[in-house]
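Mapping of the sequence shown onto mature numbering (1 follows the signal peptide of the UniProt record, and there is no 0): residues -25 to -1, 1 to 416, in sequence order. Even glycine gets a Cβ: it sits at the ideal position worked out from N, Cα and C. What you are looking at is a predicted structure, and each value in this text was computed from that prediction instead of being measured.
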Amino acid sequence: MTSYNTVKCLILFIFFYFASNPATCSIYEADLRALLSFQENIIDPRGALDSWRYNETVNYCTWKGISCSRRHRTRVVSIDLDSQGLLGSLSPHLVTTNHLQGNIPSDIGFSLPNLKFLGLGGPMPKDLGSLSALWGLTMGSNNIQDDISFISSLTNCTNLKSLEISYNFLTGVLPHTIANLSTHLSLLAMSSNLIHGTIPSAIGDLTGLSILVLENNLFSGPIPLSIGGLTKLQEIYLSANKFTGKLPFSLGNLTLLNAIYMDINNISGSIPPSLGNCSGLLLLNLSNNNLIGPIPRELLTLSSISIFLDLSNNNLLGSIPSEVGSLRNLGCLDFSNNRLSGIVPSTISSCISLQQLYLGGNSFHGEIPQGLSLLKGLQELDLSRNNFSGLIPSFLEELSLEKLNLSFNKLQGPVPVKGFFRMLVQFHLRITLSYVEAFRS
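Laid out in structure tokens, this is it:
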């Protein structure tokens, strides 16, 4: 038996493949003996195993953390003792009463070829590739310091569906052998590490992926065109890296996408109109990049976008297309800090679900559009640092605003005094010849 620091590290979900014989007294005794032997070798400071007391009238299937088969009601199929603070060592009886095979490796404490889900803390195991039945591997938030090349050892795990290794200190370059991971892989999450280099084009071979999470790393270079081959992808998180180059037009092939996060990078070029093919998109964040060119009309026809559309802090040019009125379900629209110009289209009045509208830091001109009066749910409005002129419209009094910023424009005339303006705790006002600055603090 091999000691280990905490049972949490090794027994998150241990799936046993006991013999599939009908429940008999001998089978019952074998499982009971295995559980009691396990208990004898465990230090239980929190009393998590207090219910583990043998009684002929009480079935051990009712003990805490124990699950038994529905078909063979006395056969243990899993033990879940996650986060119970258990200490000690693992009894070999846990593997001698079932179909598990192989030696007990010294590096991880035990070898379970039929293990289906494994959650680990501590150092990176060295023999993961032997877990051929593994479908889920979680090693998140464990401060693991290792090279990401270990992922190549998982190519033998042909049933792997979920790989979650976020929030560690994994370094190195993502290997091209990632293409050899299971075609069943649907979740690949390795955010908040120190992985650098480019995303290998071979990632396009993981055609079963539905969620890809690579944010908060040191990835660089262009996002590979092959990513357009992940046609089952629903969510993609690439934020806070060092990606350069253009957004691949092949993103338009990912018609099942509902979430795109590619903010805080160095992506350049224009926004591909092909994004208009992503008819199920709920949110899009391309903020804090170096994007140029106009906002594609095709993008603004996606009435599915309902959570937020954030294109802020780029170098986008031109006016807001009138198609913005198609975003009837959108809650937050942020086009701030670009080089947009022209007048705000009247069709924005159709964005009746808007709660936050941020257009500050551009070159919009003309009067504040009357259509904003129809946005009854609007809570935050920022039109600062533009060239708006004319009067501060009185309809702002009728909106349910909580934050308003009209500073650094060319507004004239009196400041409304009713509604939102009357309820302000502090309202600073500065008037010059044809200039009004107003903001909350």
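Range covered by the beta strand (DSSP E) that runs through residue i
i           : result
Arg272      : Counting along the chain, Arg272 falls outside any beta strand (DSSP E), though it belongs to the alpha helix (DSSP H) covering Arg272 to Leu275.
Ile211      : Glu210 to Tyr212
Ile174      : Where Ile174 is concerned, there is no enclosing beta strand (DSSP E), given that its DSSP letter is neither H nor E.
Thr113      : Gly111 to Thr113
His151      : Segment: none, His151 is in no beta strand (DSSP E) and carries neither H nor E.
Ala164      : Leu162 to Ala164
residue 421 : No information on residue 421 is available, as it lies outside the stretch -25 to 416 that the chain covers here.
Tyr35       : Run containing Tyr35: none; DSSP gives neither H nor E here.
Ala234      : Ala234 to Tyr236
Lys378      : Lys378 to Asn380
Leu266      : Asn265 to Gly268
Asn260      : Leu258 to Asn260
Ser42       : Ile41 to Cys43
Ser53       : Val51 to Ile54
Val188      : Ile186 to Val188
Leu356      : Glu355 to Asp357
Identity of the residue in the options nearest residue i by Cα
i      : options                           : result
Val188 : Ile211, Leu160, Asn265 and Leu169 : Ile211
Gly227 : Leu256, Asn216, Ile242 and Phe218 : Leu256
Leu163 : Gly172, Glu139, Ile367 and Asn143 : Glu139
Ser185 : Val319, Leu149, Asn233 and Arg50  : Asn233
Ile239 : Pro223, Gly317 and Asn265         : Asn265
Phe310 : Asn30, Ser359 and Leu277          : Ser359
Met165 : Cys132, Ile126 and Asp180         : Ile126
Val299 : Ser279, Asn290 and Asn289         : Ser279
Leu169 : Ser12, Leu305 and Leu193          : Leu193
Pro296 : Gly179, Leu10, Tyr333 and Ser316  : Ser316
Tyr333 : Gly40, Arg8, Gly306 and Ser325    : Gly306
Leu10  : Thr133, Phe370 and Tyr35          : Tyr35
Ala23  : Leu350, Gln14 and Asn30           : Gln14
Sequence-distant residues of the same chain with beta carbon closer than 8 Å to residue i, five excluded per side
i      : result
Ser195 : His171, Gly172, Thr173, Asn216, Lys217, Phe218 and Thr219
Ile198 : Ile174, Leu213, Phe218, Gly220, Leu222, Pro223, Met237 and Ile242
Leu135 : Leu109, Trp110, Gly111, Leu112, Leu129, Leu156, Ser157, His159 and Leu160
Gln330 : Gly306, Cys307, Gly352, Leu353, Gln354 and Glu355
Ser254 : Thr230, Leu277 and Ser279
Cutoff 8 Å: residue i Cβ touching any chain E Cβ
i      : result
Ser254 : No chain E is part of this structure, which consists of one protein chain only.
Cut-off 6 Å between Cβ atoms - residues of its own chain near residue i, not counting five sequence neighbours on either side
i      : result
Pro248 : Pro271 and Glu273
Ser137 : Gly111 and Leu162
Leu259 : Ile235 and Leu284
Ser167 : Ser141, Tyr142 and Asn191
Pro67  : Residue placement at Pro67 is flagged as unreliable, the pLDDT there being 48, under the threshold of 50; a coordinate-derived value is accordingly withheld.
Ser124 : Gly147 and Pro150
Ile343 : Phe363 and Pro368
Leu277 : Leu256
Leu205 : Leu184
Leu350 : Leu329
Asn289 : Asn264, Leu266 and Asn313
Beta-ladder partner(s) of residue i, from DSSP
i      : result
Leu308 : Leu284 and Leu332
Asn25  : According to the sequence shown, residue 25 is Asp rather than Asn. Asp25 is not bridged to any residue.
His340 : Asn362
Arg303 : DSSP, once it has assigned bridges, lists no residue as partnering Arg303.
Phe218 : Gly196
Thr146 : Asp122
Arg314 : Leu292
Leu138 : Leu112 and Leu163
Ser243 : Lys221 and Asn265
Ile323 : In DSSP, Ile323 forms no bridge with anything.
Asn30  : Val33
CB contact flag (residue i, residue j, <8 Å)
i      : j      : result
Glu377 : Gln345 : no
Ser287 : Ser321 : no
Gly268 : Ser294 : no
Arg303 : Ser338 : no
Gly336 : Asn312 : yes
Leu356 : Leu379 : yes
His340 : Ile318 : yes
Asp19  : Thr49  : no
Arg314 : Leu291 : yes
Close-in-space but distant-in-sequence residues of the same chain around residue i (CB under 7 Å, 5 per side omitted)
i      : result
Ser225 : Leu200, Ile202 and Gly203
Trp38  : Ser26 and Trp27
Ala177 : His151, Ile153 and Ala154
Gly388 : Leu366 and Ile367
Leu208 : Leu184, Ser185, Leu187, Leu229, Leu231 and Leu232
Asp180 : Ala154
Leu275 : Pro296, Glu298, Val299, Ser301 and Leu302
Any non-hydrogen atom of the ligand HEM closer than 7 Å to residue i Cβ
i      : result
Leu349 : The model depicted lacks the ligand HEM and carries no ligand whatsoever.
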